[in-house]
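Undergrad: Following this message is one structure expressed as structure tokens.
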Amino acid sequence: MNAAFVEGDDYAKELNKLGINCFIIYYRVREKAYFPNPVDDVAKALKCILEKKEKYNLVDNYAIFGSSAGGHLAGMFARDDIGYKKYNLPKPNAAVLVYPVVTLYPPTHEGTKRYILGKNNNEEMIELLSLEKNITKDYPKTYFMCGKKDSAVNPIGSLKLKQAFDEKGIEHIFRYYDNLPHGAGIAKGTEAENWIKEAVGFWLKDSD
1473 MNAAFVEGDD YAKELNKLGI NCFIIYYRVR EKAYFPNPVD DVAKALKCIL EKKEKYNLVD
1533 NYAIFGSSAG GHLAGMFARD DIGYKKYNLP KPNAAVLVYP VVTLYPPTHE GTKRYILGKN
1593 NNEEMIELLS LEKNITKDYP KTYFMCGKKD SAVNPIGSLK LKQAFDEKGI EHIFRYYDNL
1653 PHGAGIAKGT EAENWIKEAV GFWLKDSD
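Here is the structure:
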């Protein structure tokens, strides 16, 4: 899981209640967040976790969760070109993206764009790191959600991602809430308060 504090800690507690082993991954941010540093960090953490698979009583079925800029990172790691396959790691069984940054094209989250591109602010890198431009038929099934009135990350990115999933035939659930604010986390007391249970059910359905 790519998050902490408001999102990650609360997500982990809710996932633990559902019997899910959960690891919160800390990755480089701000000036150190230029690509591929954050993806490298996720890969290193996952390798470490898998090396201790028996110790942690893990099964061969994992999902990657991420919120906001962490949602962008989770979405990138789920790709086979710059994500898991590049690091010789198993494919996520599902990706869960919560009010994610999706695109680096306008309207985007300028902070995420600035930090992830670093000095490489050019068209080639913008396209490479815009998730909706790089969905293939091998992308894992995805649960994602956002609010229509999100004032931090424009929901148009999630709408573009849904279109890309539809075009490539990727199994997905997209929840588009009327009033969900950015940073809602587990969203207790809101219209989205059951999203974690729904996401886990979607991830684990048809699992052995």
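With our numbering applied, the sequence shown covers 1473 to 1680. Just so it is clear, CB atoms sit at the ideal spot from N, CA and C, and this is done for glycine as well.
(1) The alpha helix (DSSP H) spanning residue 1587 covers which residue range?
(2) How many Å lie between residue 1600 and residue 1554 at the Cα?
(3) Which one of 1567, 1625 and 1621 has the shortest CA to CA distance from residue 1574?
(4) To the nearest angstrom, how far is it from the Cα of residue 1604 to the Cα of residue 1595?
(5) How many Å lie between residue 1556 and residue 1549 at the Cα?
(6) Starting from residue 1547, trace the alpha helix (DSSP H) in both directions and tell me its first and last residue.
(7) Closest to residue 1654 by C-alpha separation, out of 1543, 1641, 1567 and 1560, would be which residue?
(8) Name, in chain order, the residues that DSSP records as bridge partners for residue 1618.
(9) By the three-class DSSP mapping on this structure, what secondary structure does residue 1637 have?
(10) Can you check whether the CB of residue 1652 is closer than 9 Å to the CB of residue 1619?
(11) Any idea what DSSP makes of residue 1419, helix, strand or coil?
TA: Considering the structure as presented:
(1) 1582-1589
(2) 9 Å
(3) 1625
(4) Their Cα atoms are separated by approximately 15 Å.
(5) Within the model, the alpha-carbon separation for residue 1556 versus residue 1549 is close to 6 Å.
(6) 1541-1549
(7) 1543
(8) 1648
(9) helix
(10) yes
(11) No information on residue 1419 is available, as it lies outside the stretch 1473 to 1680 that the chain covers here.
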